[in-house]
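Asker:
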Amino acid sequence: MQWTQLGYGRTSSTSTAQQTPRNLFGFKDGTANVMAEDTEALAQHVWVPAGEAWLSGGSYLVARRIRMSIETWDRASLREQEAVVGRTKGEGAPLSGGTERTEPDLAATGPGGSRLVPADSHVRLAHPSTNGGVRMLRRGYTFTDGNDALGRLDAGLMFLAFVRDPRTHYVPMQTTLARSDAMGEYLQHTGSGLYAVPAGVAEGSLVLGADGTPVTTAASPFVGQAAFD
26 MQWTQLGYGR TSSTSTAQQT PRNLFGFKDG TANVMAEDTE ALAQHVWVPA
76 GEAWLSGGSY LVARRIRMSI ETWDRASLRE QEAVVGRTKG EGAPLSGGTE
126 RTEPDLAATG PGGSRLVPAD SHVRLAHPST NGGVRMLRRG YTFTDGNDAL
176 GRLDAGLMFL AFVRDPRTHY VPMQTTLARS DAMGEYLQHT GSGLYAVPAG
226 VAEGSLVLGA DGTPVTTAAS PFVGQAAFD
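In the working numbering, the protein residues as written are 26 to 254.
(1) Below 8 Å, can you find three or more Cβ-Cβ pairs linking the region 75–85 to the region 165–172?
(2) Would you mind working out which of V148, H194, Q106, E105 sits nearest S121, comparing C-alpha positions?
(3) Select from A221, G225, T215 the residue whose C-alpha is nearest the C-alpha of R90.
(4) Just reading off the alpha helix (DSSP H) that R192 is part of, what are its end residues?
(5) What residue range is occupied by the uninterrupted alpha helix (DSSP H) comprising A180?
(6) Contact defined as beta carbons within less than 8 Å: I believe M60 pairs with S40. What is the distance between those atoms, to the nearest angstrom?
(7) State the DSSP-derived secondary structure class of T36, mapped to helix, strand or coil.
(8) Please classify A186 as buried or exposed, where buried requires at least 16 neighbouring CB atoms within 10 angstroms.
(9) Kindly give me the distance between the Cβ atoms of L219 and V73, rounded to whole angstroms, as I take these residues to be in contact under 8 Å.
(10) Can you grab the Cα-Cα spacing for the pair H152 / T238, in whole Å?
(11) Using the Cα positions of L178 and E96, report the straight-line distance between them to the nearest angstrom.
(12) Within the same chain, show all residues whose beta-carbon is closer than 6 Å to that of Q213, passing over the 5 residues directly before and after it, in chain order.
(13) Looking at the structure shown, is L175 part of a helix, part of a strand, or coil, going by DSSP?
(14) With a cut-off of 8 Å on the beta carbons, I'd call T200 and V159 a contact; round off their distance for me.
(15) Would you kindly check if the distance between the Cβ of T45 and the Cβ of T11 is under 7 Å?
(16) Restricting to Cα atoms, I'd like to know which of G135, E65, A144, A203 is closest to M161.
Pasting the structure below:
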């Protein structure tokens with residue numbers, strides 16, 4: 026065990042049967058997450074392909090501890106907050122119109138030709154169309170670690186995302202966010218890690234010990250499946 030982070034809840038829905046949770050900024054988070062029912066998207070964006078034999082069927086886990094400047098955020102007006110996120114705070118709908126599940130219209134403009142979804146909004150910069158179509162499976166949670174020496178909340182998001190290749194499915198997007206995302210003013214990344222998550226074993230398969238002796242029989246489709254349900 027290298028390090029651990031206590032937390033609670035979840036910061037994104039992973040099934041169509043779940044409601045989208047809210048983060049500590051009060052906004053719905055994870056609306057565009059890959060869903061467990063979308064096996065095609067999982068195969069395209071989450072599972073490592075067969076060509077990479079050593080990790081075939083597994084995934085890469087990107088982990089980042091992100092402290093959120095909640096006091097500063099709370100001083101911003103609702104209009105400012107929605108412009109930063111690119112969605113309405115109540116419904117979670119994109120500023121281009123519709124409901125939470127409506128696809129953002131990044132080309133939509135308002136009076137005077139200004140973009141309805143701002144150029145530096147989080148929704149625009151993190152959208153698949155801005156990042157070569159890539160998506161990720163997010164499984165993060167919220168943390169609250171008391172207060173710092175100045176009395177400010179040490180709280181935020183433990184960002185966890187499974188991707189098939191961090192070089193294509195995470196790094197380019199994070200580079201764009203770090204350079205241009207308006208939300209960056211309210212975030213501080215205090216920890217980061219990248220982990221290879223091997224594939225599990227098929228149901229009924231024997232799990233072998235180091236000497237090749239059968240140890241047990243897998244009772245679930247793959248080890249750690251609950252993390253994706």
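Cβ atoms here follow ideal geometry from the backbone N, Cα and C, with glycine treated the same way.
Answerer: The relevant details are as follows:
(1) As far as the Cβ criterion goes, the region 75–85 does not touch the region 165–172, which means the pair count is below three.
(2) Working through the sequence shown from its first residue, we reach residue 121 at position 96. Out of V148, H194, Q106, E105, V148 has the C-alpha closest to the C-alpha of S121.
(3) Locating residue 90 in the sequence shown gives position 65, counting from the first residue. The residue from A221, G225, T215 with its alpha-carbon nearest to that of R90 is T215.
(4) Position 167 of the sequence shown, counted from the start, is the residue given in the question as residue 192. Looking at the DSSP string, the run of the alpha helix (DSSP H) that includes R192 is 191–194.
(5) Locating residue 180 in the sequence shown gives position 155, counting from the first residue. Segment 178–188 is the beta strand (DSSP E) holding A180; no alpha helix (DSSP H) there.
(6) Your numbering for residue 60 matches position 35 in the sequence shown. Your numbering for residue 40 matches position 15 in the sequence shown. Between the beta-carbon of M60 and that of S40 there is about 6 Å, and that keeps the pair under the 8 Å contact cut.
(7) Walking along the sequence shown from the start, residue 36 turns up at place 11. Correct three-state label for T36: coil.
(8) Taking the first residue of the sequence shown as position 1, residue 186 is located at position 161. Per the 10 Å Cβ criterion, buried.
(9) Working through the sequence shown from its first residue, we reach residue 219 at position 194. Working through the sequence shown from its first residue, we reach residue 73 at position 48. Not really, about 13 Å apart at Cβ, beyond 8 Å.
(10) Numbered from its first residue, the sequence shown carries residue 152 at position 127. Numbered from its first residue, the sequence shown carries residue 238 at position 213. Their backbone Cα atoms lie some 48 Å apart in a straight line.
(11) Walking along the sequence shown from the start, residue 178 turns up at place 153. Walking along the sequence shown from the start, residue 96 turns up at place 71. Cα to Cα, the separation comes out at about 8 Å.
(12) Counting from 1 along the sequence shown, the entry for residue 213 is found at position 188. Take Q213, set aside five residues on each side of it, and the residues of its chain with a beta-carbon closer than 6 Å to its own are R92, in chain order.
(13) In the sequence shown, counting from the first residue as 1, residue 175 sits at position 150. The answer is coil: DSSP assigns L175 none of H, G, I, E or B.
(14) In the sequence shown, counting from the first residue as 1, residue 200 sits at position 175. In the sequence shown, counting from the first residue as 1, residue 159 sits at position 134. For T200 against V159, the beta-carbon gap comes to about 13 Å, at or over 8 Å, which does not count as contact.
(15) Absent from the structure is residue 11, since the part of the chain shown begins at 26 and ends at 254.
(16) Position 136 of the sequence shown holds residue 161. Nearest of G135, E65, A144, A203 to M161, Cα basis: E65.
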